[in-house]
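Q: What follows is a structure written as structure tokens; I'll ask about it next.
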Amino acid sequence: MENKEKRSSSSQSQQMGQSCHDCPICCETLENTNMSATVCGHVFCTKCIVQAIRVYKTCPTCRTKLTLKKIHPLYL
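Below, the structure is given as structure tokens:
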């Protein structure tokens with residue numbers, strides 16, 4: 001029963017345009033060749049997170065202090 005509820009809520013959020021594969025900064029769909037993750041586990045477009053770290057020096061999602069050395073590219 002629990003799995004069915006999870007699938008239902010997941011499909012509802014995708015229908016509403018809230019894909020779990022969107023960059024939280026620019027809201028564009030993340031491309032497999034242009035994704036980076038922070039040490040705190042959040043995923044962004046590489047261009048977006050680099051710019052955000054240069055300006056704010058924190059993760060846009062959880063505000064953990066970050067440097068450019070604390071992000072790494074993701075390959076799916």
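Going by the UniProt record's numbering, the first residue of the sequence shown is number 1, and it counts up by one from there.
All residues carry an ideal CB built from backbone N, CA and C; glycine is no exception.
Quick caveat: nothing in here was measured; it's all calculated off a predicted structure.
1) To the nearest whole angstrom, what separates the beta carbons of L74 and V50, a pair I think is in contact under 8 angstroms?
2) Following the continuous alpha helix (DSSP H) through C48, name the residue where it begins and the one where it ends.
3) Please say whether I71 and C45 have beta carbons closer to each other than 8 angstroms?
4) Are there 16 or more other CB atoms within 10 angstroms of the CB of C59, so buried, or fewer, so exposed?
A: Checking against the coordinates, here is how it stands:
1) Translated into positions along the sequence shown, residue 74 becomes position 74. Translated into positions along the sequence shown, residue 50 becomes position 50. In fact, because the Cβ distance is near 14 angstroms, the residues do not count as touching under 8 angstroms.
2) Translated into positions along the sequence shown, residue 48 becomes position 48. C48 -> alpha helix (DSSP H) spans 46-56.
3) The residue labelled residue 45 in the question sits at position 45 within the sequence shown. The residue labelled residue 71 in the question sits at position 71 within the sequence shown. Not in contact: C45 and I71 (Cβ atoms no closer than 8 angstroms).
4) The residue given as residue 59 occupies position 59 in the sequence shown. The residue in question, C59, is buried, as its Cβ has 16 or more Cβ neighbours within 10 Å.
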